[in-house]
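Here the working numbering is used: the sequence shown runs in plain steps of one and ends on residue 374.
Take a look at the structure below.
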Amino acid sequence: MMDRRLIENFDWPVIWVLLGIVTIGLLSVYSAVYPQIQANPTRNLFINQVMWLSIGFAVMFCSLFIDYQQLKTVSTWIYLFNVLLLVAVLVIGREINGSKRWLDLAGFRFQPSESMKVVIAIQLASYFSSQEINPYPALKRLFLPCVMTAVPVLLVLAEPDLGTAISITTIATTMILFMGVRWKYIIGLALAFGPMLIPVWEHVLKPYQKRRILILLRPDLDPLGAGYHIRQSKIAIGSGMLWGKGFLNGTQNKLHFLPEKHTDFIFSVWAEEWGFLGCAVLLVLFAALIILSLKVARRSKDRHGTLLVMGMTALILWQVLINIGMVIGLLPVVGIPLPFVSYGGSSLITLCFAIGIIENVSMRKYVFHNR
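Given below as structure tokens:
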């Protein structure tokens, strides 16, 4: 039986905003895969998305029953287990379109790189909350968090999955900066890693990844090849104008000009059908979710809770910014889904768990823990 005080501190506005975003996601996925739904009403990607959402909400609900403070004792083991899964992906993972990102276990396919997004937040929150850091961490205190971040990032890059590697890095960087880092450290790090950009470009990035970055600088470089995705995305978004073309009436969508429309470019589907006003509604909902989550972080009674919420909020915030920046041509195409909107099981479950952690901290804000 859950303590009545926990239920009273449940943050319902977060859930209402989340349901609004999820509704937009379901409408967009339904439209994106509508031909498939017509061909097979009982077995299609939309049905799969509803199933993944159901599992995600169940995971979110279950995460409320464990005091987030208990994560401190198991965070390192969770981190090491997820790193082993990333290694397993490179050895026995399922290869699709030249990338090894999935593991098939007992008929269930999932991406360990997705779960690493929340695992790195849990691990760094546990590490920093157990250290005496006030107000700025010493350089030696930052070495281990950087190593903790670098290990999964390098494994994910080897898959290769640049988008998820960037996502993990942004989450960790946000949490490290939130702890307070002296400017001399930041400048020193930039000077140290700046020269490494050339070998990374030459030896780490794949040819198609280099091409996507060049397309960002010169959109007309390869309009029918590497630049096709972003070109069609811009056409779809622009053609939506103020009011949009209406549900299921997007021509770029219906005529199959828009690639990856149910995953990375789902925002383009929504923009074409619902226009500028529909995009504004979605962006307001995302902004509300971020602001409400930050309020939970501010109200937390201990550093661990604050850091956990900051990590989960960073996960959502950076994926929104990168995905939308990608589909409107401000950032290179790196394969990051739009949270709670894009199709995908591993991503949905991970994000729902992140919301569960945020609610977990909110529910226990009346309990005081030493910082």
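In this text, a Cβ means the ideal position worked out from N, Cα and C, and glycines have one as well.
Between the C-alpha atoms of Ala128 and Leu245 there is a straight-line separation of about 43 Å. According to DSSP, residue pairing for Lys103 in a beta bridge involves Glu98. When C-alpha distances from Glu276 are compared across Ala35, Leu220, His206 and Trp19, the shortest belongs to Ala35. Residue burial annotation: Met63 is buried, with at least 16 other C-beta atoms found within 10 angstroms of its C-beta. Counted as a single uninterrupted DSSP element, the beta strand (DSSP E) harbouring Phe111 occupies residues Phe111 to Phe113. Within a 10 Å sphere around the beta-carbon of Phe270 sit 16 or more other beta-carbons, which makes this residue buried. In the displayed model, Leu334 falls within coil according to three-state DSSP, outside both helix and strand.
Leaving aside the five residues that flank Ile190 on each side, none in its chain has a CB nearer than 7 Å to its CB.
Uninterrupted beta strand (DSSP E) stretches at least 3 residues long and entirely within the stretch 218-300 do not occur.
By the CB criterion at 8 Å, Ala317 and Ile174 fall inside the cutoff. Look at the stretch 17-76 and you find these whole runs of alpha helix (DSSP H), each 4 residues long or longer: 37-42 and 48-65. Excluding five sequence positions before and after Phe181, the CB atoms of its chain that fall closer than 6 Å to its own CB belong to Met313, given in chain order. Asn12 is positioned such that its CB atom lies closer than 8 Å to that of Lys368. Sequence-distant partners of Gly278 (beyond 5 residues in either direction) whose C-beta falls short of 6 Å from its own C-beta, in its chain, are Gly243, Met244, Leu245, Trp246 and Gly247. Rounded to whole angstroms, Ile10 and Glu205 show a C-alpha spacing of 54 Å. Boundaries of the alpha helix (DSSP H) harbouring Met182: Leu165 to Met182, taken from the DSSP string. For Ser350, the uninterrupted alpha helix (DSSP H) run begins and ends at Gly348 to Met366, by DSSP. Listed as beta-bridge partners of Leu108 by DSSP are Phe111. Note that the C-beta distance between Phe49 and Ile40 is below 8 Å. About 17 Å separates the beta carbon of Tyr130 from that of Val364, a gap too long to meet the 8 Å contact definition. Per DSSP, the unbroken alpha helix (DSSP H) holding Ile189 starts and ends at Trp186 to Phe196. Around the C-beta of Cys355, 16 or more other C-beta atoms lie within 10 Å, and the residue is accordingly described as buried.
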